[in-house]
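Residue numbers (our numbering), protein chains in the order written: chain A, 612 to 784; chain B, 2 to 302.
Glycine included, each C-beta is placed from N, C-alpha and C at the ideal position.
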């Protein structure tokens with residue numbers, strides 16, 4: 612169910628981008644995979660993140676696999692962060708989403724530079740990316756609540772609790 | 002043994018997915034240099050599935066916009082404007098074709114041949130979605146193979162060239178915009194006939210590369226498609242030169258150009274329902290794959 616909701620969120624984001632400024636549209640294509648990594652089990656979360664990443668690739672002229680690669684990396688970040696932060700609460704999750712949105716933009720830039728070359732940072736674009744990260748952070752708690760309902764509706768186990776804060780040597784995966 | 006595999010299952014799948022996405026990126030990067038790869042069908046199914054959702058999202062937004070434009074602001078002007086814009090596209094492009102031909106030789110026979118060459122049908126399409134990446138520029142259109150829109154067909158608007166169809170499903174298609182960092186178009190300066198290549202920068206501006214020897218390029222010059230690459234018909238308006246970067250001793254110089262189309266305001270575009278010779282060759286014998294990697298539109302070697 613969360614996968615289907617993620618695909619719908621992708622399409623909604625793409626449609627909103629056609630009607631509203633880029634900086635004002637939250638990155639739903641980023642938030643749903645994060646929510647999946649948080650709410651689902653590790654394997655299901657990983658697969659949902661990867662599939663939604665490929666979905667984002669289809670709605671973009673980016674390199675095929677670029678978004679999927681980033682979503683997989685972000686899945687690992689989420690799994691690592693679960694043990695250290697209380698991501699289930701709105702404010703920590705919003706802050707985490709803000710950081711991940713910026714990291715995602717930086718990761719995209721790095722992949723473009725690596726595979727296509729000639730990437731030049733555009734100051735106006737940078738401002739829009741920061742604003743969009745803020746919009747993403749603002750929408751994050753709502754998306755998490757929605758994802759939780761969808762996952763619960765689909766019969767998934769969504770009882771996410773903060774895990775052992777001090778267990779720093781626990782494997783990420 | 003079974004317990005061991007259960008423990009390493011997740012890291013194994015993680016590593017496999019990382020490798021898979023990396024291979025896809027390498028394959029797509031090669032496609033950008035002319036070697037095409039087709040995406041697997043489940044991914045094209047995602048594109049097809051997203052089209053009705055995007056239409057549904059667009060519907061209320063458009064409804065409010067149309068209501069405002071037609072009933073509150075100026076009654077009936079919006080509708081009339083839509084029809085006139087469609088006629089204007091054809092008239093403008095025909096005009097450019099004729100001007101092109103006249104500038105070249107003044108030979109009426111050639112003018113007639115060019116007109117015939119441009120007599121491709123136009124299919125109007127609504128913009129239903131935009132690229133979800135901040136670094137790439139593409140549009141999702143509500144017309145696909147069922148409407149005759151195929152990969153490799155040029156997309157135009159009343160302002161000029163918009164881009165090229167790079168993926169299609171039965172009812173939707175994806176268009177790589179002229180300003181995308183992977184887009185390139187063979188161009189000619191309308192005034193001086195200097196040839197070059199216009200490339201997208203991914204930021205909304207264009208870069209025009211041209212051989213300096215004998216070339217006369219100035220700010221304010223109009224850039225048109227030259228038709229050299231066999232991808233776009235000749236004479237479509239691309240943009241206007243904003244500034245020329247003359248580097249002493251360099252063989253190839255560049256100029257900054259502004260596109261003639263406002264990509265942020267596009268609502269309705271038109272697909273030219275005929276592929277150029279290069280695109281016909283590229284897609285020959287393959288049918289029209291549901292999703293095609295972006296071809297090198299300039300036909301670079």
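Residue i - partner residues in DSSP beta bridges
i             : result
residue 654/A : Beta-bridge pairing links residue 654/A to no other residue.
residue 626/A : The partner list for residue 626/A (beta bridge, DSSP) is empty, contrary to what the question assumes.
residue 131/B : 140/B
residue 257/B : 208/B, 244/B
residue 271/B : 125/B, 157/B
residue 198/B : 187/B, 210/B
residue 165/B : 155/B, 177/B
residue 86/B  : None, per the DSSP bridge assignment.
residue 238/B : 225/B
8 angstroms Cβ cut-off: residues of chain A touching residue i
i             : result
residue 26/B  : 674, 675, 676, 677, 680, 722, 726
residue 280/B : The premise fails here: residue 280/B is roughly 17 angstroms from chain A at the closest Cβ pair, so nothing lies under 8 angstroms.
residue 169/B : Residues of chain A passing the Cβ test: none, with the nearest at roughly 12 angstroms.
residue 58/B  : 622, 623, 626, 627
residue 257/B : The premise fails here: residue 257/B is roughly 13 angstroms from chain A at the closest Cβ pair, so nothing lies under 8 angstroms.
Own chain residues within Cβ distance below 7 angstroms of residue i, not counting five before or after
i             : result
residue 278/B : 231
residue 625/A : 670
residue 708/A : 642, 645, 747, 748, 751
residue 704/A : 698, 751, 752, 755
residue 701/A : 752
residue 188/B : 197, 198, 199, 209, 224, 225, 226, 227, 239
Candidates the options: closest to residue i by CA position
i             : options                    : result
residue 677/A : 85/B, 137/B, 128/B, 5/B    : 137/B
residue 164/B : 3/B, 27/B, 262/B, 45/B     : 262/B
residue 56/B  : 151/B, 281/B, 131/B, 13/B  : 131/B
residue 153/B : 220/B, 224/B, 283/B, 89/B  : 283/B
residue 272/B : 24/B, 20/B, 126/B          : 126/B
residue 49/B  : 619/A, 760/A, 673/A        : 619/A
residue 281/B : 92/B, 128/B, 155/B, 134/B  : 155/B
residue 269/B : 78/B, 225/B, 144/B         : 144/B
residue 660/A : 668/A, 652/A, 638/A, 683/A : 683/A
residue 93/B  : 128/B, 158/B, 129/B, 61/B  : 158/B
residue 129/B : 616/A, 612/A, 627/A, 614/A : 627/A
residue 194/B : 149/B, 174/B, 229/B        : 229/B
residue 711/A : 723/A, 690/A, 629/A        : 690/A
residue 727/A : 274/B, 184/B, 3/B          : 184/B
residue 786/A : 246/B, 142/B, 19/B         : Outside the shown range of chain A (612 to 784) lies residue 786/A, about which nothing can therefore be said.
residue 696/A : 665/A, 724/A, 649/A        : 649/A
residue 741/A : 616/A, 636/A, 694/A        : 636/A
residue 218/B : 226/B, 151/B, 246/B        : 246/B
Unbroken alpha helix (DSSP H) run spanning residue i, endpoints
i             : result
residue 631/A : Premise fails: residue 631/A is in no alpha helix (DSSP H) and is neither H nor E.
residue 719/A : 701-726
residue 281/B : 278-284
residue 178/B : Run containing residue 178/B: none in the alpha helix (DSSP H); it sits in the beta strand (DSSP E), 174-178.
residue 224/B : It is not in any alpha helix (DSSP H) - residue 224/B instead sits in the beta strand (DSSP E) that spans 223-226.
residue 688/A : 677-693
The beta strand (DSSP E) enclosing residue i, as first and last residue numbers
i             : result
residue 187/B : 185-190
residue 139/B : 139-142
Proximal residues of chain B, C-beta to C-beta of residue i below 8 angstroms
i             : result
residue 654/A : 10, 11, 14
residue 661/A : 18, 22
Where residue i meets chain B, residues with beta-carbon distance less than 9 angstroms
i             : result
residue 603/A : Outside the modelled stretch of chain A, which goes from 612 to 784, sits residue 603/A, for which no answer is possible.
residue 657/A : 11, 14, 15, 18
residue 740/A : 135
residue 692/A : Chain B residues near residue 692/A: none, gap ~16 angstroms exceeds 9 angstroms.
Per-residue contacts from residue i into chain A (C-beta, under 7 angstroms)
i             : result
residue 141/B : 625, 670
residue 129/B : 626, 629
residue 62/B  : 630
Neighbourhood of residue i by C-beta, 8 angstroms cutoff - its chain only, sequence neighbours within 5 removed
i             : result
residue 1/B   : Beyond the ends of chain B as shown, which are 2 and 302, falls residue 1/B; an answer cannot be given.
residue 258/B : 199, 206, 207, 208, 209, 224, 239, 240, 241, 242, 243
residue 614/A : 647, 659, 662, 663
residue 610/A : There is no way to answer for residue 610/A, as the model of chain A reaches only from 612 to 784.
residue 692/A : 698, 707
Residues that residue i contacts on chain B, provided the C-beta gap is smaller than 7 angstroms
i             : result
residue 633/A : 135
residue 667/A : 133
residue 714/A : Those do not exist, as residue 714/A stays about 13 angstroms from chain B at its closest Cβ, beyond 7 angstroms.
residue 736/A : 135, 204
Contact list for residue i against chain A, beta-carbon separation under 9 angstroms
i             : result
residue 19/B  : 680, 683, 684
residue 132/B : 625, 628, 670, 671, 672, 673
residue 177/B : 672
residue 238/B : Those within 9 angstroms of residue 238/B in chain A number zero; the least Cβ separation is about 22 angstroms.
Other residues of its chain near residue i: CB distance less than 6 angstroms, five sequence neighbours each side excluded
i             : result
residue 657/A : 686
residue 216/B : 195
residue 743/A : 634
Any non-hydrogen atom of the ligand SAH within 6 angstroms of residue i CB
i             : result
residue 279/B : With respect to small molecules bound, the structure shown includes none, and the ligand SAH cannot be examined in it.
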